[in-house]
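Student:
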Amino acid sequence: MQLANELRLSCSNLIESKNTCTMYKFKDNIHKCIQDKNIDNRDVIVECMRNLSGILPSKLLSGLLSKAIELNDSDLCSLLVDNVQLLEESHAVECIKFFIRGIEVKEDENFQIPEKLENKLDTLFKKTYDYHLLAIELKRLSSNEFILCLQYLQNNVKKAFQEKMNQSTEDLSQDKMEIDSSKTGPNILQITDLFSCFVDAHFTHITLSTKSQEVIAEVLQLIENQLDIFFDLISIDSLIKEIKQNKEFQVKNTNSISDYFIEVLKFE
1 MQLANELRLS
11 CSNLIESKNT
21 CTMYKFKDNI
31 HKCIQDKNID
41 NRDVIVECMR
51 NLSGILPSKL
61 LSGLLSKAIE
71 LNDSDLCSLL
81 VDNVQLLEES
91 HAVECIKFFI
101 RGIEVKEDEN
111 FQIPEKLENK
121 LDTLFKKTYD
131 YHLLAIELKR
141 LSSNEFILCL
151 QYLQNNVKKA
161 FQEKMNQSTE
171 DLSQDKMEID
181 SSKTGPNILQ
191 ITDLFSCFVD
201 AHFTHITLST
211 KSQEVIAEVL
221 QLIENQLDIF
231 FDLISIDSLI
241 KEIKQNKEFQ
251 VKNTNSISDY
261 FIEVLKFE
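Per UniProt numbering, the very first residue in the sequence shown carries number 1; after that it's consecutive.
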């Protein structure tokens, strides 16, 4: 319990002061707790990381991520990623490889990404990256890891377009708007940037893999369909504006009563 108490104390000090000295003190204490391999200490680590969400810089993360990967603790790894300020591109690729470890995608079968893995990739890909540096680091991924990430991004493109269509066809209540704004995955701009980044980094794999070619072709088709819908809506909008400006179609507002009217009688 002494290690856990020291970690809680250093966490409280870091929240109050946020200086470099307290950050490294917290890092030392959290390393000791991880090395102790006590489940109670792990719970305290989780508690502290959530309390420090957005405070920890990435320079304190490298050793902790490596230790979480060494202990095969994917939940702790995901928690570290979620609560750090910025994630370095090299750390991001290490996390991708760790999360996907042991999962194989065959060229000739439809693979469904497990929900738990999808949630972890959501946490990872919603972070902000330098896409030039990320493309360099992504070259370390294997063909299997690349295809699986490509399928994840393809699924998110589908979801994003479907959500947009749903929003345009129904009136959203305030409660539903609040739920939508709290989504934890990457937005559509991040998804498209990531998709382009992966394609740039693994162009050779694309030329050799039928599966990746099929995924890319389907995503391009989805985008083309959305563009067609967008241009159709633009055309309709311009026609509506033209009609509104045309005097022949303008309805005159008069207070006069017409020759015919409906009288409603109530019998009690």
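All C-beta atoms, glycine included, are put in the ideal place defined by N, C-alpha and C.
(1) Beta-carbon separation of Ser89 and Leu134 under 7 Å?
(2) Within the chosen definition, does the stretch 20 to 32 reach the stretch 56 to 71 through at least 3 CB pairs nearer than 8 Å?
(3) For Pro186, count the other beta carbons within 10 Å of its own beta carbon; 16 or more makes it buried, fewer makes it exposed. Which is it?
(4) Leaving out five residues on either side along the sequence, give the residues of the same chain with a beta carbon under 7 Å from the beta carbon of Lys18.
(5) Less than 7 Å between the beta carbons of Asn156 and Ile191, yes or no?
(6) Run through DSSP, which three-state label would Leu80 get?
(7) Here's a check: name, in chain order, each residue in its chain whose Cβ is nearer than 6 Å to the Cβ of Leu121, leaving out the five neighbours to either side.
(8) Going by alpha carbons, who is nearest to Glu47 out of Leu76, Gln112, Lys211?
(9) Assuming Ala201 and Lys139 make a contact with CB atoms under 8 Å, what is their CB distance in whole Å?
(10) Taking the alpha carbon of Asp82 as the point to measure from, which residue in Leu65, Leu189, Asn5 has its own alpha carbon closest?
(11) Locate the alpha helix (DSSP H) running through His132, then write down its first and last residues.
(12) Measure how close the beta-carbons of Glu145 and Ile100 come, nearest whole angstrom, since I'm counting them as under 8 Å.
(13) Does DSSP put Ile148 in a helix, in a strand, or in coil?
(14) In its own chain, which residues sit with a C-beta less than 8 Å from the C-beta of Cys149, not counting the 5 before and 5 after it?
(15) Can you list, in chain order, the residues of its chain with a C-beta nearer than 7 Å to that of Asn51? Leave out the 5 residues immediately preceding and following it.
(16) Residues in its own chain within less than 8 Å of Phe98 by CB, not counting five upstream and five downstream?
(17) Where Asn5 and Gln226 are concerned, what is the direct C-alpha to C-alpha distance, given to the nearest angstrom?
(18) Given this structure, state the Cα-to-Cα distance separating Ser238 from Asn246, to the nearest angstrom.
(19) Just verifying my parser: in three-state terms, what is the DSSP assignment at Leu56?
(20) What does a CB cutoff of less than 8 Å around Asn41 pick up in its chain, not counting 5 residues either side in sequence?
(21) Taking the C-alpha atoms as reference points, what is the distance between Ile110 and Gln154?
(22) Is the separation between the beta-carbon of Ser212 and that of Ile147 shorter than 7 Å?
(23) Among Ile223, Asp232, His205, Leu233, whose alpha-carbon lies nearest the alpha-carbon of Lys159?
(24) Comparing C-alpha positions only, which one of Leu194, Gly63, Ile216 sits nearest to Leu124?
(25) What do you get for Asn29, buried or exposed, if any count of 16 or more other CB atoms within 10 angstroms of its CB means buried?
Tutor: Result, derived from the coordinates:
(1) Per the sequence shown, residue 89 should be read as Glu rather than Ser. A contact, by the Cβ cut-off of 7 Å.
(2) Taking a cut-off of 8 Å for Cβ pairs, the stretch 20 to 32 and the stretch 56 to 71 touch, as three or more such pairs fall below it.
(3) Its Cβ being crowded by 16 or more others within 10 Å, Pro186 is buried.
(4) Listed in chain order, the non-local C-beta contacts of Lys18 below 7 Å within the same chain comprise Ile55, local neighbours out to five positions each way being set aside.
(5) One thing to note: Asn156 has its Cβ within 7 Å of the Cβ of Ile191.
(6) It is helical.
(7) Within the same chain, Leu121 has close Cβ partners Tyr152.
(8) Of Leu76, Gln112, Lys211, the residue nearest in Cα terms is Leu76.
(9) 5 Å between Cβ atoms; contact.
(10) By alpha-carbon distance to Asp82, the top candidate from Leu65, Leu189, Asn5 is Leu65.
(11) The continuous alpha helix (DSSP H) containing His132 extends over residues 131 to 138.
(12) About 5 Å separates the two Cβ atoms, so the contact holds.
(13) Before going further, note that residue 148 is Leu rather than Ile in the sequence given. In this structure, DSSP gives Leu148 a helical state, which the three-state scheme calls helix.
(14) For Cys149, the CB contacts under 8 Å within the same chain, skipping 5 residues up- and downstream, are Ile96, Ile100, Leu121, Leu141, Phe198 in chain order.
(15) Annotation for Asn51: Cys11, Ile15 place their beta carbon closer than 7 Å to its own, counting only its chain and skipping 5 residues before and after.
(16) So the qualifying residues of the chain are Ile69, Ser74, Cys77.
(17) Taking the straight line from one Cα to the other gives about 55 Å.
(18) For Ser238 and Asn246, the gap between their C-alpha atoms comes out near 12 Å.
(19) If DSSP states are grouped into helix, strand and coil, Leu56 belongs with the strands.
(20) Only Leu3, Ala4, Leu7, Cys33, Ile34 meet the Cβ criterion.
(21) The displayed chain sequence assigns Asn, not Ile, to residue 110. Gln154 has its alpha-carbon roughly 13 Å from the corresponding atom of Asn110.
(22) Taking 7 Å as the Cβ cut-off, Ser212 and Ile147 qualify as a contacting pair.
(23) Nearest option by C-alpha distance: Ile223.
(24) Restricting attention to Leu194, Gly63, Ile216, the CA atom closest to the CA of Leu124 is found in Leu194.
(25) Asn29 is buried by the Cβ-count criterion.
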